[in-house]
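In the working numbering, the protein residues as written are 30 to 347. Ideal Cβ placement from N, Cα and C applies to all residues, glycine included. All figures in this text were calculated on a predicted structure; none of them were measured in a lab. So the structure is just underneath, and the comments pick up after that.
In structure tokens:
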């Protein structure tokens with residue numbers, strides 16, 4: 030009798046567990062330096078870390094930061110927006126050998142990041158790494174002091190990148206890397222008011238050597254300074270790698286602007302290439318072209334570089 034009673038109690042307990050509903054996800058969640066990850070991440074009861082908030086947010090939802098704090102790294106696999114709209118220094122302190130934000134999303138997923146400070150303290154490997162997804166938009170963010178690159182955009186499919194009003198500085202490798210991979214990965218990227226300073230390799234690195242598809246980048250009002258190797262570099266070697274550079278500055282780098290490899294091309298207009306060890310160079314079949322104004326005058330200012338200030342192929346106004 031005792032055995033039968035015990036079995037019945039066990040069955041009743043199991044059925045109660047099965048009937049308990051899972052915690053509902055929210056379309057908008059909140060995190061705070063004083064929050065608890067045991068909360069539901071609603072506005073009155075915020076969570077403490079990004080990963081927990083992400084796990085409790087609907088697909089396509091939004092995570093909001095309520096106050097300055099470090100909120101931990103996060104792995105993203107579906108559409109989400111992570112937003113800090115003026116609460117102060119809020120973001121991610123990246124641990125040794127880690128990546129701050131990793132994006133492994135689906136082909137229709139859109140990721141938006143705004144107002145974050147991603148700090149590596151010369152221990153974290155990469156600030157933001159994009160592997161898969163439809164698009165990544167980064168606004169008003171700072172990524173600094175990584176041992177490798179600040180932002181690594183390496184899609185294996187067809188993906189888009191938009192970066193605006195951001196600072197990427199003091200990283201052990203490149204500032205921003207756009208490097209489609211997987212054989213067929215392609216990228217279309219727009220950079221506007223982005224600054225890359227004091228990175229140990231290139232400020233902006235556009236590379237098509239890991240794909241048979243194309244990488245097309247437009248950069249406007251961007252600044253590369255103090256980078257050890259190149260301010261702006263495009264590397265092709267048989268792939269279609271393109272950079273259109275307008276209203277920008279490359280100063281105090283090893284090389285100001287470099288294109289390398291067949292089918293690599295940089296088009297430059299109204300841009301200053303000044304005080305670099307070398308101004309600009311095109312090697313191994315690459316091409317650098319300069320826009321002209323309506324009077325047939327090249328529109329760039331190239332001066333004060335130790336070497337390689339020679340005129341490049343002009344593009345007439347249409």
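Annotation: residue 101 to residue 216 spans about 28 Å, alpha carbon to alpha carbon. Within the segment 52 to 131, the complete beta strand (DSSP E) segments of 3 residues or longer fall at 55 to 60, 86 to 94, 103 to 105, 109 to 112, 119 to 122, listed in chain order. A residue is called buried once 16 or more other Cβ atoms fall within 10 Å of its Cβ, and residue 345, having fewer, is exposed. In the same chain as residue 176, and ignoring 5 residues on each side of it, the C-beta atoms closer than 6 Å to its own belong to 154, 201, in chain order. Going by beta carbons, residue 228 and residue 203 fall inside the 7 Å limit. The closest CA to that of residue 112, considering only 178, 158, 58, is found on 58. With respect to the C-alpha of residue 277, the residue from 297, 332, 321 having the closest C-alpha is 297.
Within a 10 Å sphere around the beta-carbon of residue 332 sit fewer than 16 other beta-carbons, which makes this residue exposed.
The alpha helix (DSSP H) runs of length 4 or more contained entirely in the segment 257 to 327 do not exist; there are none. Per DSSP, reduced to three states, the secondary structure at residue 181 is strand. Distance between residue 197 and residue 72, taken at the CA atoms: about 31 Å. Distance from the CA atom of residue 312 to the CA atom of residue 103, rounded to whole angstroms, is 40 Å. Taking all protein chains shown into account, residue 336 has fewer than 16 neighbouring C-beta atoms within 10 Å of its C-beta and is therefore exposed.
For residue 156, the uninterrupted beta strand (DSSP E) segment begins and ends at 155 to 161.
The three-state secondary structure of residue 170, taken from DSSP, is coil.
Looking at the DSSP output, residue 342 bridges to 318. From the listed residues 93, 108, 68, the smallest Cα separation to residue 87 is found for 108. The C-alpha of residue 53 lies about 24 Å from the C-alpha of residue 142. Contact annotation: residue 110 and residue 97 have beta-carbon atoms that are not nearer than 7 Å. Under the three-state reduction of DSSP, residue 188 is assigned to strand. According to the DSSP assignment, residue 141 belongs to the beta strand (DSSP E) that extends over 139 to 143.
Taking the C-beta atoms as reference points, residue 132 is found nearer than 7 Å to residue 140. Remark: C-beta atoms of residue 95 and residue 75 approach each other more closely than 7 Å.
Remark: C-beta atoms of residue 341 and residue 319 approach each other more closely than 7 Å. For residue 148, the enclosing beta strand (DSSP E) starts and ends at 146 to 148.
Residue 198 sits in a strand when the DSSP states are folded into three classes.
130 is the residue among 169, 152, 136, 130 whose C-alpha sits nearest the C-alpha of residue 159.
In the DSSP assignment, the residues bridged to residue 193 are 168, 221. Shown here for residue 137: same chain residues with a beta carbon closer than 7 Å to its own, the five before and five after excluded, namely 163 in chain order. By the neighbour-count definition (other C-beta atoms within 10 Å, threshold 16), residue 93 is a buried residue.
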